[in-house]
Amino acid sequence: GAVVSQHPSRVICKSGTSVKIECRSLDFQATTMFWYRQFPKQSLMLMATSNEGSKATYEQGVEKDKFLINHASLTLSTLTVTSAHPEDSSFYICSARDHGSGGVDWNNEQFFGPGTRLTVL
Amino acid sequence: SQKIEQNSEALNIQEGKTATLTCNYTNYSPAYLQWYRQDPGRGPVFLLLIRENEKEKRKERLKVTFDTTLKQSLFHITASQPADSATYLCAPRLPFGGGTRLMVKP
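Note that the protein sequences, when read in sequence, are chains E and U. Just so you know, we're using the working numbering here: the first sequence kicks off at 193 and counts up by one. Just so you know, we're using the working numbering here: the second sequence kicks off at 1037 and counts up by one.
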């Protein structure tokens, strides 16, 4: 099955620094990737939709200048948390859709990465 | 606004019983619904997808129904096991419902 990887799996950083998280589709091409954030015991919250070769679409309330998304290739999207603060500590998860040969939206499941645990001190 | 709702409270059942989780949607007509399982500290894993023209879909001990009249999908786990304990999420294309945490007691 399709595999999505994330790196790093866990990161601890000081307040004010920037952290980059990578999301890769290992055996398929993903024109669209999604970034989610999940706080303890809460559901996934969609942050943004990352489109290859174009600007990301951010959900309401998500600061695009703070959470920089780059989707430079069909297999890689990155999320950079700039000037991180303790309240940014969370579990960040990416997902990707395998559009396959038809790109039929209704037939696409999302494949999730294993997540990145960010702790800002 | 479009909304996906799942039972926010945890569901506790005895091993061997059938667990039934509910996903309701409003102001929305999804062409399909997907069900995922998420274990603590891990990303969700896809389980089943059911389309609007399908009444029921099965996979091993799992069964999903889709009632477009009631605007509801039900997710059943038969002969539940402690290993089935996890959070189960339903989702149309986007966004996810809140998820229901299932606890199966031996």
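Think of the CB as a built atom: it goes at the ideal place given N, C-alpha and C, for glycine as much as any other residue.
Query, Result
"Which residues does DSSP list as the beta-bridge partners of Lys1141 (chain U)?", "U:Gln1050"
"Between which two residues does the beta strand (DSSP E) carrying Glu314 (chain E) extend?", "In the structure as shown, chain E starts at 193 and stops at 313, and residue 314 (chain E) therefore has no counterpart that could be examined."
"Closer than 6 Å by C-beta to Lys1099 (chain U): which residues in its own chain qualify, once you throw out the five before and the five after it? Chain order, please.", "His1112"
"Along chain U, in chain order, which residues have C-beta atoms closer than 9 Å to that of Phe304 (chain E)?", "Tyr1072, Gln1074, Arg1078, Gly1079, Pro1080, Val1081 and Phe1082"
"Residues of chain U with CB under 9 Å from Ile213 (chain E), in chain order?", "Residues of chain U passing the Cβ test: none, with the nearest at roughly 13 Å."
"Are the beta-carbon atoms belonging to Thr308 (chain E) and Tyr284 (chain E) less than 9 Å from one another?", "yes"
"Step through the CB atoms of chain U and report whether any lies within less than 9 Å of the CB of Asn218 (chain E).", "This sequence places Leu at residue 218 (chain E); Asn is not what is there. Not one chain U Cβ lies under 9 Å of Leu218 (chain E)."
"Please check the pair His332 (chain E) and Ser207 (chain E), which I expect to be a contact at CB under 8 Å, by giving their CB distance rounded to whole angstroms.", "Nothing in the structure corresponds to residue 332 (chain E), since chain E is present only between 193 and 313."
"For Gly1135 (chain U), return the contacting residues in chain E, with the cut-off set at a CB-CB distance below 7 Å.", "Ser235"
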